[in-house]
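Trainee:
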Amino acid sequence: MSAVMPGAEPFEFRSGSGRGVLLCHGFTGTPHSMRGWGEAFAAAGYDVLCPLLPGHGTTWQEMNRSTYGDWVAAAEAALAALRGRNSRIVVGGLSMGGSLALRLAQLHPEQVDALVLANPAVLLTDPRVRALPLVRRLVPSLRGIASDIKAPGRTEVGYDRTPLHALHSQLRGWREVRADLPRVRQPLLLARTAVDHVVPAASSAAVLAGVSSTDVTEIVYRDSYHVLTLDNDAPAFFAASVAFAARVLGTVQDQAVQDRTVRDGTEEAQR
1 MSAVMPGAEP FEFRSGSGRG VLLCHGFTGT PHSMRGWGEA FAAAGYDVLC
51 PLLPGHGTTW QEMNRSTYGD WVAAAEAALA ALRGRNSRIV VGGLSMGGSL
101 ALRLAQLHPE QVDALVLANP AVLLTDPRVR ALPLVRRLVP SLRGIASDIK
151 APGRTEVGYD RTPLHALHSQ LRGWREVRAD LPRVRQPLLL ARTAVDHVVP
201 AASSAAVLAG VSSTDVTEIV YRDSYHVLTL DNDAPAFFAA SVAFAARVLG
251 TVQDQAVQDR TVRDGTEEAQ R
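Okay, here's the thing in C-alpha cells:
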C-alpha cells in the first residue's frame, strides 16, 4: 500500500457517551472533508469515527484496484467497532459516503438509528456514463471531481483523477442501494446544495422518493457546491446535524442521566 496523503488520515474522537457517529467520505475523497463535521459532533459529546476507505488517500491507481464492495465492508467494520462502545448510532455520509450510509441502514437496520446525508450519490444522469463499461478498458482515468467548492481558496484532499474501474464498480453498487431504498426506515436528514457540479439533484430526489422513513427532513443550502462540509454553509449544516441527532437519539446529557440512573438502581438492588 502506498503512503497516505497528508491530511487524508482517518480520525476518531472518543467520548464514552454511549452516542456514536460514523462518518463516510466520498468517492476519491478522504476524511479531510469530514473532519469539521466530526469535530462538531465531538464538541457536542458524541463518539465519532471516520475511516479512510480502501484505495483512497494514496494513489488513484491503487483505488482502481478497489471496489464498492470493499468500501461497504470497510464501513461495516467501522460500524461494528463504533457499535461495540455505543448504544445508539448516527451514520452520516457525503456524496458516495451517503450511499454507504444508506447501505449500512439497509444491511444492518438494528445497528443504525438515524442517517444524515449530504448531497448523497446514488445515481448519475450524464449520458456519457453509458459508455463507461467500454471506456474503462481503454482509458484508466479521467479528470478529477474533487474540490467542487464555492468558497474561494478552499480545496479538499483527494485525487486529481477519477479512476474508471472504481467508478464502474461504484455505479454497479448503486443499483443495489437504489433497489433496497424501501428498506430504509430510520429517521433521515438529507442536506443538498442548490448548485452541485458533481451529483445531480435527481440523486437526492431518488433517495427521498425511495426510502420508507417517516421522519424525514430535507434542507437545501444555496451558498455552497458539492463538498458541503468544506463550503460556506458548513457551519449551518453541522449545527443542523447535531440538532437532528439530539432530537432523534436524545442528547448526550440524557444518556449520561440514564446511565447514572441504571447504576444507581443496580447499587440500590445490591444494598
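Here the sequence shown is numbered in UniProt numbering, starting from 1 and rising by one per residue. By construction, the Cβ of each residue, glycine as well, lies at the ideal position given by its N, Cα and C atoms.
Taking alanine 70 as part of the beta strand (DSSP E), name the residues at either end of that continuous run.
Mentor: The sequence given here has aspartate at residue 70, not alanine. First-last for aspartate 70: 68–83, but that is the alpha helix (DSSP H), not the beta strand (DSSP E).
Trainee: If you draw a straight line from the alpha carbon of methionine 34 to that of histidine 25, how long is it in whole angstroms?
Mentor: Methionine 34 and histidine 25: Cα-Cα distance of roughly 7 angstroms.
Trainee: With DSSP as the reference, identify every bridge partner of serine 141, one or two as the case may be.
Mentor: DSSP, once it has assigned bridges, lists Pro163 as partnering serine 141.
Trainee: Determine the direct distance from the alpha carbon of threonine 229 to that of valine 90, and round the result to whole angstroms.
Mentor: When rounded, the distance between both Cα atoms is 17 angstroms.
Trainee: Alpha carbon to alpha carbon, how far is aspartate 148 from threonine 2? Give it in angstroms, no decimals.
Mentor: In the sequence under discussion, the amino acid at residue 2 is serine, which differs from the threonine named in the question. Going by the C-alpha atoms only, they are around 26 angstroms apart.
Trainee: Starting from alanine 43, follow its DSSP beta bridges and name the residues at the other end.
Mentor: BP columns for alanine 43 are empty, so no partner.
Trainee: Does the distance from the C-beta atom of glycine 173 to that of arginine 130 stay below 9 angstroms?
Mentor: Contact: no.
Trainee: For glycine 84, count neighbouring Cβ atoms within 10 angstroms of its own Cβ and tell me buried if that reaches 16, exposed if not.
Mentor: By the neighbour-count rule (16 or more Cβ atoms within 10 Å), glycine 84 is not buried but exposed.
Trainee: So, helix, strand or coil for glycine 173, using DSSP?
Mentor: Reduced to three states, the DSSP call for glycine 173 is helix.
Trainee: I need the DSSP call for phenylalanine 11, collapsed to helix, strand or coil.
Mentor: Reduced to three states, the DSSP call for phenylalanine 11 is strand.
Trainee: Excluding the 5 residues preceding and the 5 following alanine 269 in the sequence, name in chain order all residues of the same chain whose CB lies nearer than 8 angstroms to its CB.
Mentor: Confidence in alanine 269 is poor, its pLDDT being 47 and thus under 50, which makes the residue's placement unreliable; the coordinate value appears in the next sentence. Nothing listed; no residue qualifies.
Trainee: Using a Cβ-Cβ cut-off of 6 angstroms (strictly less than) and excluding sequence neighbours within five positions of proline 200, which residues of its own chain qualify?
Mentor: These residues qualify, in order along the chain: Thr125.
Trainee: What residue ranges within the stretch 189–246 form continuous alpha helix (DSSP H) runs of no fewer than 4 residues, ordered along the chain?
Mentor: Within the stretch 189–246, the complete alpha helix (DSSP H) runs of at least 4 residues are 201–210.
Trainee: Roughly how many angstroms separate the alpha carbons of aspartate 215 and arginine 137, rounded to a whole number?
Mentor: The straight-line gap from Cα to Cα measures roughly 43 angstroms.
Trainee: Below 8 angstroms on the Cβ atoms is my guess for proline 54 versus aspartate 70; work out the distance and round it to an integer in Å.
Mentor: Going by Cβ atoms, the distance from proline 54 to aspartate 70 rounds to 4 angstroms, so yes, they are a contact pair.
Trainee: Could you please give me the residues that DSSP links to isoleucine 89 through a beta bridge?
Mentor: Paired residues: Gly20.
Trainee: Using the three-state DSSP reduction, which class does leucine 107 fall into: helix, strand or coil?
Mentor: Three-state DSSP puts leucine 107 in a helix.
Trainee: For valine 257 and glycine 18, what's the separation of their Cα atoms in angstroms?
Mentor: For valine 257, the predicted structure reports a pLDDT of 47, less than 50, and the residue's modelled location is therefore unreliable. The matter cannot be settled from this model.
Trainee: Looking only at DSSP bridge pairs, what is leucine 115 linked to?
Mentor: In DSSP, leucine 115 forms a bridge with Val91, Leu188.
Trainee: Helix, strand or coil for leucine 100 per DSSP?
Mentor: Leucine 100: helix per DSSP, three-state reduction.
Trainee: Considering only their Cβ atoms, is the gap separating proline 120 from serine 15 smaller than 9 angstroms?
Mentor: No, the Cβ-Cβ distance between serine 15 and proline 120 is not below 9 angstroms.
Trainee: Can you round the beta-carbon distance between glutamine 106 and arginine 183 to whole angstroms, since I take them to be within the 8 angstroms contact cut?
Mentor: The Cβ separation is near 5 angstroms, so the contact holds.
Trainee: Is the separation between the beta-carbon of alanine 8 and that of glycine 38 shorter than 9 angstroms?
Mentor: No.
Trainee: Can you tell which of Gly98, Ala118, Leu49, Ser141 has its C-alpha closest to the C-alpha of arginine 178?
Mentor: Taking only the C-alpha atoms, the option nearest arginine 178 is Gly98.
Trainee: With a cut-off of 8 angstroms on the beta carbons, I'd call alanine 40 and phenylalanine 238 a contact; round off their distance for me.
Mentor: Contact flag correct, Cβ pair sits at about 4 angstroms.
Trainee: Based on the DSSP secondary-structure assignment, which residues constitute the bridge partners of leucine 49?
Mentor: DSSP output for leucine 49 lists Glu12, Leu22 as bridge partner(s).
Trainee: Check valine 157 in the structure and name its three-state DSSP category.
Mentor: Three-state result, valine 157: coil.
Trainee: Are alanine 44 and valine 242 close, meaning C-beta to C-beta below 9 angstroms?
Mentor: Yes, Cβ-Cβ distance for alanine 44 and valine 242 is below 9 angstroms.
Trainee: With C-beta atoms as the reference, is valine 220 less than 9 angstroms away from alanine 194?
Mentor: The answer is yes: Cβ separation under 9 angstroms.
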